[in-house]
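Notes for the one structure printed next.
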Amino acid sequence: MFSPVLARQLQQSNLRFVITGGGSWLGQASLLVLENAFGDQLPDRVAVFGSQARSLSLSSGRIIESAALSSIENLPQGEYIFLHYAFITKGHVGEHSLQEFVRLNAEIADLTEGAARRVGARGLFLPSSGAVYRKEGGVHTVLAENPYGFMKLEDEARFRTMCKEIGCALMPIRVFNVAGPCVNNVPAFALSSIISDILKDKPVTLRAIAPVYRSYVHIVDLIEMVLSGLMSDSWGVPAVFDTAGEEVVEVGVLARRITDAMGLSGYPIERPEMKAEPIDYYVGDRAAFVRHADSLGIALKPLQCAILDTVSDLKQRFAQNRI
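Okay, structure coming up:
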């Protein structure tokens, strides 16, 4: 699953890594990739921050400490790459007033930017979101229309400015759909929810009554692409780009692909009677993603591999009662 070339590059570097939002899916996957490279040295090479201090359990069984983000102000000097995942996500928008949602995310960004400027960060990964786009075209420019997408755009602009001012490489990616290990909210995502139903010996239940299209990138490919780019002396501050896999699949087809991959052809899949509209098409523009992956020597894994790696990870976690 991992690139041995990247692992050696990481081992031979003097870089340290800051992960904000270490408990997120991207945070956990980043720790997985970095643990593969650093092994027992992981705690010495990675500083993890979250909303509050806590212990994070990795899939290997290793425990790593995550400090409160407020303490990032005490980050010692060093040569750092920041992987900035901390954000009040769209799943939590309804838990806060609009004013509070904006304030909390601005506070997260302030703390992270302040630390990155103070230590002179070498690189920053800023995962934005496909949610910045309006269905009618263009991006969200009205806060109340889509607070999550609007605030993601605000972060894009803020950290682009910072990176240009301090000479920090930037990986600005609008993430759509990912697959693979470390999914942290199984019911929230179509692929993991389908696998979960099967592992529980339940019929796969699809609730969408109109077509839903998705395109998946393997999360390890994404993280390795980010690390490879930010470690390169020539990466710079490119234009923002989207993620997208080699295939676009409707969730009904995805469900059957999953059952077949698990050796369960004919497994029951339940879905209401379908209507033609409204179509849910949440897929990024793949062109720039592939171009950057090729330039960095990242061989993108096919959907079948992403499915199998997600299945393997969820099987292990179900067996360990970790879900």
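In UniProt numbering, the protein residues as written are 1 to 323.
Quick reminder that beta carbons are idealized off the backbone N, C-alpha and C, glycines included.
Would you say V183 faces chain D, with C-beta separation under 9 Å as the test?
The structure shown has no chain D; it contains just one protein chain.
If I'm right that V132 touches V142 with Cβ under 8 Å, what's the distance once you round it to whole angstroms?
So it is not a contact: roughly 12 Å between Cβ atoms.
Since Y281 sits in a beta bridge, which residues does DSSP pair it with?
Checking the DSSP bridge columns, you'll see Y281 partnered with Y213.
Cα-Cα, which of M231, T161, D197, S128 is closest to residue 327?
Examination of residue 327 is not possible in this model, given that the chain is present from 1 through 323 alone.
Report the residue ranges of all beta strand (DSSP E) runs contained in full by the stretch 166-213; include only those spanning at least 3 residues, in chain order.
Listed in chain order, the complete beta strand (DSSP E) runs (minimum 3 residues) inside the stretch 166-213 are 169-175, 177-179.
Since T112 and I72 are thought to touch, with beta carbons under 8 Å apart, how far apart are those beta carbons, to the nearest angstrom?
With a contact defined as Cβ atoms closer than 8 Å, T112 and I72 qualify at about 7 Å.
Which residues in the same chain as P302 place their Cβ atom closer than 7 Å to its Cβ, once the five residues preceding and following it in sequence are excluded?
Same-chain partners within the cutoff: E246.
Note down, in chain order, each residue of its chain lying with its Cβ closer than 6 Å to the Cβ of G50, except the 5 sequence neighbours on either side.
Leaving aside the five residues that flank G50 on each side, the residues in its chain whose CB is nearer than 6 Å to its CB run, in chain order, G22, G23, S66.
Assign Q52 to buried or exposed, taking buried as 16 or more other Cβ atoms, counted over all protein chains shown, within 10 Å of its Cβ.
So Q52 counts as exposed.
Among the residues of its own chain, which have a CB less than 7 Å from the CB of G236, if the five just before and after it don't count?
Excluding positions up to five away in sequence, the list reads A169.
Are the stretch 7-26 and the stretch 222-233 touching by the rule of at least three beta carbon pairs closer than 8 Å?
Yes, the stretch 7-26 is in contact with the stretch 222-233.
Beta-carbon within less than 6 Å of I19's beta-carbon, same chain only, minus the 5 sequence neighbours each way: which residues are those?
Contacts found: G27, S30, V48, L83.
Would you kindly report the start and end of the unbroken beta strand (DSSP E) that includes L264?
First-last for L264: undefined, no H or E at that position.
Taking 9 Å as the threshold (C-beta atoms), are I209 and K152 in contact?
No, the pair does not count as a contact, with Cβ atoms beyond the cut-off.
I want to know whether the stretch 183-196 touches the stretch 101-116 - three or more CB-CB distances under 8 Å.
With a cut-off of 8 Å, the stretch 101-116 and the stretch 183-196 do not count as touching, because too few Cβ pairs lie within range.
For P203, I'd like the list of residues in its chain whose CB is within less than 6 Å of its CB, leaving aside the five on either flank, ordered along the chain.
Taken in chain order, the residues that qualify are P268, E270.
Status (buried if at least 16 other CB within 10 Å, exposed otherwise) for E273
Exposed: under 16 other Cβ atoms inside 10 Å.
Collapsed DSSP secondary structure at T310 in the structure displayed:
In the three-state reduction of the DSSP assignment, T310 falls in the helix class.
Indicate whether R256 and I307 have their beta-carbon atoms separated by less than 9 Å.
In this structure, I307 does not lie closer than 9 Å to R256 by Cβ.
Going along the chain, which residues of its own chain have a beta-carbon closer than 7 Å to the beta-carbon of R134, five neighbours each way excluded?
Excluding its 5 nearest sequence neighbours in each direction, R134 has C-beta neighbours in its own chain below 7 Å: H140, listed in chain order.
Just list the residues that DSSP pairs E246 with in beta bridges.
Partner(s): none; E246 has no beta bridge.
Own chain residues within Cβ distance below 7 Å of K315, not counting five before or after
Taken in chain order, the residues that qualify are L199.
Beta-carbon proximity of I81 to F17, cut-off 9 Å:
Taking 9 Å as the Cβ cut-off, I81 and F17 qualify as a contacting pair.
Where V253 falls, given that 16 or more other Cβ within 10 Å makes a residue buried:
V253 should be labelled exposed.
Are G114 and L230 closer than 9 Å when you measure CB to CB?
Going by C-beta atoms, G114 is not nearer than 9 Å to L230.
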